[in-house]
Amino acid sequence: MNTQFAQTLFSSRGGVAALILRVPVGLILAAHGAQKLFGWFGGYGLEGTAQWLASIGLAPGTLMALLAGGAEFFGGLALVLGLLTRPAALVSAFTMLVAIFAVHIGNGLFMSNNGYEYALSLFAVTLALAIQGAGRFALDNLLMARFADAGAGQRAVAGK
Numbered sequence: 010m011n012t013q014f015a016q017t018l019f020s021s022r023g024g025v026a027a028l029i030l031r032v033p034v035g036l037i038l039a040a041h042g043a044q045k046l047f048g049w050f051g052g053y054g055l056e057g058t059a060q061w062l063a064s065i066g067l068a069p070g071t072l073m074a075l076l077a078g079g080a081e082f083f084g085g086l087a088l089v090l091g092l093l094t095r096p097a098a099l100v101s102a103f104t105m106l107v108a109i110f111a112v113h114i115g116n117g118l119f120m121s122n123n124g125y126e127y128a129l130s131l132f133a134v135t136l137a138l139a140i141q142g143a144g145r146f147a148l149d150n151l152l153m154a155r156f157a158d159a160g161a162g163q164r165a166v167a168g169k
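Okay, so the sequence shown: first residue is 10 according to our numbering, each after it adds one.
Next up, the structure:
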């Protein structure tokens with residue numbers, strides 16, 4: 010992997026605050042994804058989610074349920090760990106944007122009317138994490154160190 014690309018992907022300007030954002034939002038997203046994929050926590054599972062998504066015009070329902078549930082579940086777990094944070098946050102932000110416009114926008118802002126305020130909050134946090142990265146306490150830092158060491162070794166071999 011190109012060292013510059015790794016630097017862009019794994020580096021972070023976030024400190025401890027990124028951890029405070031990542032962990033609860035990651036847990037929330039993972040739980041929502043588990044509802045969609047596995048029927049956990051009172052969810053409808055893949056089949057029920059697929060039927061509902063198709064009924065609101067997001068077809069094919071099974072593919073859309075896999076994409077939404079997978080983005081939330083695996084993206085949420087990645088955020089908790091701080092692993093590939095920027096891509097996980099970006100996919101999660103996109104998923105929330107789809108939820109806002111496909112499901113909630115017509116209901117107004119407030120959650121009491123199934124509005125978009127909650128999805129908008131998750132969108133804002135995940136977008137911020139995509140921009141700033143995982144922060145100080147994240148597996149991305151270990152990956153960055155590994156790529157930096159590999160890059161230094163390659164430069165030494167090349168005589169640079």
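The C-beta atom is built at its ideal place from N, Cα and C for all residues, glycine as well.
#1: Any chance you could list the alpha helix (DSSP H) runs of at least 4 consecutive residues sitting entirely within the stretch 85-119, in chain order?
#2: Alpha carbons only, please: which of 44, 93, 123 is nearest the one belonging to residue 82?
#3: Is the beta carbon of residue 71 sitting closer than 8 Å to the one on residue 105?
#4: If you check the beta carbons only, do residue 94 and residue 102 fall under 8 Å apart?
#5: Using a Cβ-Cβ cut-off of 6 Å (strictly less than) and excluding sequence neighbours within five positions of residue 28, which residues of its own chain qualify?
#6: Give me the residue from 91, 118, 112, 18 with the minimum Cα distance to residue 34.
#7: In angstroms with no decimal places, state the Cα-to-Cα distance between residue 140 and residue 22.
#8: Are the Cβ atoms of residue 65 and residue 98 separated by less than 8 Å?
#9: What residue from 133, 58, 77 has the CA that sits closest to residue 39's CA?
#10: Can residue 74 and residue 100 be called in contact, C-beta distance under 8 Å?
#11: When you compare only the Cα positions, how much space is there between residue 129 and residue 60?
#12: Under DSSP, the alpha helix (DSSP H) around residue 18 begins and ends at which residues?
#13: First and last residue of the alpha helix (DSSP H) that includes residue 61?
#14: Measuring CB to CB, does residue 17 end up less than 8 Å from residue 156?
According to the data block:
#1: If only uninterrupted alpha helix (DSSP H) runs of at least 4 residues are considered, those enclosed by the stretch 85-119 are 94-108.
#2: 44
#3: no
#4: no
#5: 144, 146
#6: 91
#7: Distance between the alpha carbons of residue 140 and residue 22 is about 9 Å.
#8: no
#9: 77
#10: no
#11: 24 Å
#12: 12-19
#13: 54-64
#14: In terms of Cβ geometry, residue 17 and residue 156 do not form a close pair [threshold 8 Å].
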